[in-house]
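The sequence shown begins at 1 in the UniProt record's numbering and counts up one residue at a time. Using N, Cα and C, we set each Cβ at its ideal position, and we do this for glycine too. Below you'll find the structure, written out as structure tokens, and then a few comments.
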Amino acid sequence: HGEDDEPIAELFLDTSIMFSDIVGFTKWSSERSPNEVFKLLERLFWKFDEIAERQNIFKLGTIGDCYIAVTGIPDPIDDHATVLTQFAFDCRQKVEEVCAELDAEGLDTSKLSMRFGIHSGAITAGILRGTKSRFELFGDTINTASRMESTGRAGLIQVSEETAELIRLDRKEKWLHKRDELITAKGKGKMQTYWVEPGRDGNRVSFLDAVDDSLTEAKILRMSEETSSSDKYYNQYRDSEYDEEKTEETPDNGFDVIVEVNNAEAEDEEKQTEQKPSEAFKIPTDDNV
Numbered sequence: 001h002g003e004d005d006e007p008i009a010e011l012f013l014d015t016s017i018m019f020s021d022i023v024g025f026t027k028w029s030s031e032r033s034p035n036e037v038f039k040l041l042e043r044l045f046w047k048f049d050e051i052a053e054r055q056n057i058f059k060l061g062t063i064g065d066c067y068i069a070v071t072g073i074p075d076p077i078d079d080h081a082t083v084l085t086q087f088a089f090d091c092r093q094k095v096e097e098v099c100a101e102l103d104a105e106g107l108d109t110s111k112l113s114m115r116f117g118i119h120s121g122a123i124t125a126g127i128l129r130g131t132k133s134r135f136e137l138f139g140d141t142i143n144t145a146s147r148m149e150s151t152g153r154a155g156l157i158q159v160s161e162e163t164a165e166l167i168r169l170d171r172k173e174k175w176l177h178k179r180d181e182l183i184t185a186k187g188k189g190k191m192q193t194y195w196v197e198p199g200r201d202g203n204r205v206s207f208l209d210a211v212d213d214s215l216t217e218a219k220i221l222r223m224s225e226e227t228s229s230s231d232k233y234y235n236q237y238r239d240s241e242y243d244e245e246k247t248e249e250t251p252d253n254g255f256d257v258i259v260e261v262n263n264a265e266a267e268d269e270e271k272q273t274e275q276k277p278s279e280a281f282k283i284p285t286d287d288n289v
């Protein structure tokens, strides 16, 4: 392509994005060998990939122990929020299975779990061309999805008000349980969010009620003792208008969170975010750009 070629980019109005992060991973991985760490990540994310393929979920990539996926990109669907929520639920079940398997193999994974966060909204997607072309996503929807994960709780799926409303429109309101306390998200202020449990019955509602009523602030802090991978990534690339407490580790570059899909380059894996293409989009390789 030439320098004067028109950019390949598009705005997708109806998308949902999921961030998920292993709670307790930092401490656990510091006590395990590299092979054991990769054994967990490979086995777990392989299971996620299999579910994504079956359910037509678009995997954006991974950032350390954070797995990111999106619906509504590259192919628009009406029930993108409900589909992605079901995907999160299925992935959570796999976390329990894989951790139980590896614990039986001596990897001490019984206490590991995952947080899931989902937000719905518009995303700009495009091919960032260069020596190595990349498919990237931009937008505040990504920032908010990251916050849904980082302010969540171990073993639970948290969704924004926007995602919850779409779930209601799909007649799945029984999945939703309003979080008792408002969360505080940087750049957003106070936000009402929801715990979501696909296919839950009355017993599940009681469980979720107990979660809100019984967890003290100290317990919540222990459950979220480490900064999530998605949060670390968010802090690196958050928009300058949100950057109220700048540090050398969180440069102000004026960009929202960017998820870069470039599976061929392992070294780029720590800088990823989501975007969406239409029929005109084909996720490129270095050979076809």
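**OP:** Would you mind working out which of Gly126, Leu176, Ala69 sits nearest residue 291, comparing C-alpha positions?
**Re:** Past the edges of the chain, shown from 1 to 289, lies residue 291, and the structure says nothing about it.
Original post:
Name the DSSP beta bridge partners of Ile118, please?
Top reply: In DSSP, Ile118 forms a bridge with Met18, Val159.
**OP:** On a CA-only basis, which of Asp180, Leu176, Ala145 is nearest Lys186? Give me that one, please.
**Re:** Looking at the Cα atoms, Ala145 is the closest of the given residues.
**OP:** Examine the ligand HEM and report whether any of its heavy atoms sits within less than 6 angstroms of the Cβ of Lys27.
**Re:** As presented, the structure is devoid of all ligands, the ligand HEM included, so that no description of it is given.
Subject >> Start-end ranges of the beta strand (DSSP E) lying completely within the UniProt domain "Guanylate cyclase" (16-149), minimum 3 residues >> reply: If we require 3 residues or more, the beta strand (DSSP E) runs fully inside the UniProt domain "Guanylate cyclase" (16-149) come out as 58-63, 66-71, 113-128, 134-138.
Original post:
What is the rounded straight-line gap between the Cα of Asp62 and the Cα of Phe45?
Top reply: Note that residue 62 corresponds to Thr in the displayed sequence, not to Asp. As the crow flies, the alpha-carbon of Thr62 is around 9 angstroms from that of Phe45.
Original post:
Are at least three pairs of beta-carbons, each pair with one atom in the region 77-95 and one in the region 170-182, less than 8 angstroms apart?
Top reply: Output reads yes: the region 170-182 touches the region 77-95.
Original post:
Measuring CA to CA, which of Ala164, Leu182, Glu181 is closest to Lys174?
Top reply: Measuring from the Cα of Lys174, the nearest candidate turns out to be Ala164.
Original post:
How would you label Met18, buried or exposed, when you count the other beta carbons within 10 angstroms and need 16 or more for buried?
Top reply: Met18 comes out buried.
Subject >> Length of the line joining the Cα atoms of His177 and Gly121 >> reply: The alpha-carbon atoms of His177 and Gly121 are separated by roughly 21 angstroms.
Subject >> With 16 other Cβ atoms within 10 Å as the buried cut-off, status of Asn35 >> reply: Burial call: exposed.
Subject >> Reduced DSSP category for Lys186 - H, G, I as helix; E, B as strand; rest coil >> reply: Looking at Lys186 - three-state DSSP - the assignment turns out to be coil, as it is neither helix nor strand.
Original post:
Could you give the residue range of the beta strand (DSSP E) that holds Lys178?
Top reply: Taken as a continuous stretch (DSSP letters only), the beta strand (DSSP E) holding Lys178 covers 176-178.
**OP:** Mind the definition here: the region 148-156 touches the region 120-136 only if three or more C-beta pairs lie below 8 angstroms; say whether that holds.
**Re:** When Cβ pairs closer than 8 angstroms are counted between the two stretches, the region 148-156 is seen not to touch the region 120-136, the count staying below three.
Subject >> 7 angstroms CB neighbourhood of Pro7 in its chain, flanking five on each side removed >> reply: Cβ-Cβ distances below 7 angstroms link Pro7 to Gly126 in the same chain, with the five nearest sequence neighbours on each side left out; the list follows chain order.
Original post:
Hey, is the region 79-94 in contact with the region 24-40, meaning 3+ C-beta pairs nearer than 8 angstroms?
Top reply: By the criterion of at least three beta-carbon pairs nearer than 8 angstroms, the region 79-94 is not in contact with the region 24-40.
Original post:
Roughly how far, in whole angstroms, is the beta-carbon of Ile22 from the beta-carbon of Asp65, given that I think they are within contact range, below 8 angstroms?
Top reply: With 8 angstroms as the limit, Ile22 and Asp65 qualify as a contact, their Cβ atoms being about 4 angstroms apart.
**OP:** Look at the alpha carbon of Glu149 and the alpha carbon of Asp49, and state the distance between them as a whole number of angstroms.
**Re:** Within the model, the alpha-carbon separation for Glu149 versus Asp49 is close to 19 angstroms.
Original post:
So what does DSSP say about Ala9, is it helix, strand or coil?
Top reply: For Ala9, the secondary structure class from DSSP, reduced to helix, strand or coil, is strand.
Original post:
For Glu101, which option in Arg134, Lys47, Ile57, Glu161 has the closest C-alpha, if you only look at C-alpha atoms?
Top reply: It is Lys47.
Subject >> Neighbourhood of Asp103 by C-beta distance below 6 angstroms, restricted to the same chain and skipping five residues each side >> reply: Closer than 6 angstroms at the Cβ level, and outside the excluded window around Asp103, lie Thr109, Ser110.
Subject >> Paired residues, beta bridge with Thr193 - DSSP >> reply: Paired residues: Ser160.
Subject >> Beta-carbon spacing of Ser20, Phe116 below 7 angstroms >> reply: Contact flag set, yes.
**OP:** On a CA-only basis, which of Gly106, Thr131, Gly139 is nearest Val37? Give me that one, please.
**Re:** The option with the nearest alpha carbon to Val37 is Gly106.
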